[in-house]
Amino acid sequence: MFQNLQQAEAFLSTRKPLGIKPGLERVRVLLQKVNHPEKNIRAIHITGTNGKGSTMQFIKNALLANGYHTGVFTSPSLEGLPGHIFYNDTPVSENVFVELCNQLYPAIKQLDSDGDSPTEFEIITVIACMFFSKNVDIALIEAGMGGRLDTTNCFDPLLSIITNISIDHKQFLGSTVSEIAYHKAGIIKRNRPVIIGEMSKDACIEIEKEATFLHAPIYQAGRDFTYQKTNDDKCFQQFIWNEELPLEISMLGEHQIKNAAIAFRAVMLLKELGYQINIDETAKAFSRTQLPGRFEIIRKKPTVILDGAHNEKGMEAFIETVLTTYKDRKRHLIFAVFKDKEVKEMLELAMPHFDSVTLTAFDHPRSASLENLKSFTKKKHIFLAENWQAAMTNLTDDHSVYFVTGSLEFISRVRKYFANDK
């Protein structure tokens with residue numbers, strides 16, 4: 002049994018070599034052995050290639066503004082193991098995390114002895130269910146990868162959200178949009194509504210097929226509800242939701258308007274389901290919503306911005322925001338990413354728009370190594386940094402803007418670096 006968080010972290014870190022194991026068999030056994038906490042959760046399940054975190058943050062703030070105790074399960078965590086599980090605005094305490102880990106420990110060891118060891122993510126998912134079942138009114142649960150075979154796909158939600166679909170995690174989800182959409186559509190449940198963003202015809206076919214089979218009402222952005230951008234500057238964006246309601250958000254980038262529109266439809270759907278929702282308070286909550294690691298200004302002199310653009314579509318949205326917001330400034334990029342991502346495609350998108358691009362690596366089994374990245378340094382403004390921390394000390398020109406992007410795991414480490422450097 003564990004006496005403190007450090008011991009629990011050490012135990013869970015031994016699971017990292019197990020990697021990703023798609024399927025629900027192990028998580029269902031764990032849940033059964035702790036009396037099925039997932040059956041006592043009222044939750045919203047969210048998947049999508051990009052935009053999950055921002056969409057959840059809008060909904061969470063709206064629920065808090067309307068008086069609901071709200072849980073959030075998210076990955077990766079920017080604040081250690083407890084940072085996967087939030088109660089309102091605060092990560093679950095270390096003591097609570099350790100206590101829940103101790104309660105689950107016998108079930109984990111039983112699976113170990115049966116030769117089917119649960120992964121770190123499976124264990125954390127069950128701990129989240131255990132916590133939410135006794136402490137929150139509504140939980141927002143972000144899928145780790147895909148949906149149908151994702152560990153989080155173990156409960157019956159109030160509603161499901163699929164933000165968007167593009168190519169990502171090809172080795173697990175498939176190489177076509179249709180194959181990936183099939184996996185994402187797996188979070189749709191019988192007779193439970195699903196909200197989806199704008200997406201390709203192939204993706205829509207898969208989602209509508211699943212929704213029709215399960216008699217799940219479907220609400221699509223751009224078809225069943227609309228959003229029209231009206232104004233923006235470097236501090237906020239304004240848009241009209243469904244041709245009737247003006248909303249303002251402080252998160253930048255047109256993709257954030259899309260995320261906010263989906264999130265607002267989710268809150269309105271909760272209202273239709275009988276939850277007490279005040280529209281004015283919801284709009285105020287949207288206007289003050291921010292999310293760490295999403296075009297986040299971490300330092301002002303010089304300007305340093307963090308953004309977790311970790312796939313092609315994410316990089317496209319990131320660059321669009323960069324060019325809209327800082328088109329007249331010198332721009333420098335520091336980039337580190339997982340090796341199983343579309344590294345070449347992401348860099349080809351980014352390189353033309355920055356005065357310099359520094360490629361680096363970080364200590365993680367999935368990180369693209371310096372050797373992997375060396376082939377991209379043939380152009381004169383592309384550099385290789387052996388030590389990413391040392392690269393951060395070179396961000397010294399107050400007239401330039403420095404952008405740090407790639408894996409959210411990398412972004413979390415950079416955030417801690419700057420927090421400790423203050």
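With the first letter of the sequence shown counted as 1, position 130 gets the number 131 in our numbering; the numbers rise by one all the way through.
By construction, the Cβ of each residue, glycine as well, lies at the ideal position given by its N, Cα and C atoms.
Keep in mind it's a predicted model, so treat the numbers as computed, not measured.
Is the distance from the Cβ of residue i to the Cβ of residue j below 8 Å?
| i | j | result |
| --- | --- | --- |
| V127 | L105 | yes |
| I335 | A420 | no |
| F384 | T359 | yes |
| P194 | L270 | yes |
| G263 | A222 | Gly is not the amino acid found at residue 263; the sequence shown has Ile there. Taking 8 Å as the Cβ cut-off, I263 and A222 qualify as a contacting pair. |
| E143 | G54 | yes |
| F3 | V99 | yes |
| H382 | S401 | no |
| A386 | I60 | no |
| I241 | S288 | no |
| A351 | M316 | yes |
| L82 | E10 | yes |
| E313 | E282 | no |
| A140 | I42 | yes |
| L495 | M131 | The shown model of the chain, from 2 to 423, leaves out residue 495, and the question about it has no answer. |
| Y332 | F355 | Just to set this straight, residue 332 is Arg in the shown sequence, not Tyr. It is a contact, given that the beta carbons lie within the stated cut-off. |
| P303 | D225 | no |
| L108 | L31 | For clarity, residue 108 is Ala in the given sequence; the question names Leu instead. A contact, by the Cβ cut-off of 8 Å. |
| I206 | I197 | no |
| I86 | A44 | no |
What are the boundary residues of the beta strand (DSSP E) that includes residue i?
| i | result |
| --- | --- |
| N232 | 228–233 |
| D308 | 304–308 |
| T359 | 357–360 |
| G72 | 71–74 |
| R300 | 297–301 |
| F240 | 238–242 |
| T48 | 44–48 |
| E249 | 246–250 |
| I86 | 86–88 |
| Q291 | Looking at the DSSP string, Q291 is not in any beta strand (DSSP E), and its letter there is neither H nor E. |
| I21 | Neither: I21 is in no beta strand (DSSP E) and is coded neither H nor E. |
| Q221 | 219–221 |
Which same chain residues end up closer than 6 Å to residue i when comparing Cβ atoms and leaving out the 5 residues on each side of it in sequence?
| i | result |
| --- | --- |
| H256 | A318 |
| K22 | T120 |
| I219 | V195, A212 |
| Q58 | T290, L292 |
| R149 | H184, G187 |
| I298 | I306 |
| E39 | L32, C130, C155, F156 |
Got a sec, what are the start and stop residues for the alpha helix (DSSP H) residue i sits in?
| i | result |
| --- | --- |
| A391 | 389–393 |
| E273 | 255–273 |
| L334 | Note, L334: premise wrong, no alpha helix (DSSP H); beta strand (DSSP E) at 331–337. |
| Y418 | 409–421 |
| G54 | 53–66 |
| L32 | 26–34 |
| E349 | 344–351 |
| F12 | 6–14 |
| S287 | First, the residue type needs correcting, since residue 287 is Phe and not Ser in the sequence shown. Run containing F287: 280–288, per the alpha helix (DSSP H) assignment. |
| L385 | Counting along the chain, L385 falls outside any alpha helix (DSSP H), though it belongs to the beta strand (DSSP E) covering 383–385. |
| I320 | 313–326 |
| L371 | 371–374 |
Excluding the five sequence neighbours on either side, which residues of its own chain have a C-beta within less than 8 Å of the C-beta of residue i, listed in chain order?
| i | result |
| --- | --- |
| G216 | In the sequence under discussion, the amino acid at residue 216 is His, which differs from the Gly named in the question. The answer, listed in chain order, is R191, N192. |
| N136 | H70, G72, Y88 |
| F122 | I21, S76, G145, T152 |
| K17 | E121, P366 |
| K340 | R367, S368, A369, S370, N373 |
| L409 | P77, L79, G294, G309, H311 |
| A337 | L360, T361, A362, F363, S368, A369, W389, G407, S408, F411 |
| V28 | P119, E123, T126, V127, T152, C155 |
| H37 | none |
| K380 | M352 |
| K272 | I278 |
Can you list, in chain order, the residues of its chain with a C-beta nearer than 7 Å to that of residue i? Leave out the 5 residues immediately preceding and following it.
| i | result |
| --- | --- |
| A274 | Checking the sequence, you will find Leu at residue 274 rather than Ala. The answer, listed in chain order, is L159. |
| L277 | The amino acid at residue 277 is misidentified as Leu; the sequence shows Gln. Once the five neighbours on either side are set aside, the close Cβ partners of Q277 are N67. |
| K235 | T326 |
| R414 | F363 |
| I189 | S161, V195, E211, A212, L215, A217 |
| K285 | A66 |
Counting only C-beta atoms, is residue i closer than 8 Å to chain D at any point?
| i | result |
| --- | --- |
| N89 | In summary, chain D is missing from the structure at hand, where a single protein chain is found. |
Item to complete: Would you mind listing the alpha helix (DSSP H) stretches within the segment 178–212 that are 4+ residues and don't spill past its ends, in chain order?
Response: 178–185
Practice prompt. Please determine if the segment 246–261 and the segment 320–334 are in contact, where contact requires at least 3 C-beta pairs separated by less than 8 Å.
Written response: yes
Discussion item. If contact is defined by three or more beta carbon pairs under 8 Å, each pair taking one atom from either stretch, is the segment 150–169 in contact with the segment 42–59?
Written reply: yes
Worksheet item: Just checking, does the segment 361–375 make contact with the segment 394–403 on the three C-beta pairs under 8 Å criterion?
Response: no
Worksheet item: What alpha helix (DSSP H) runs, 4 residues minimum, are completely inside the segment 100–186?
Response: Here the runs fully enclosed are 121–136, 171–174, 178–185.
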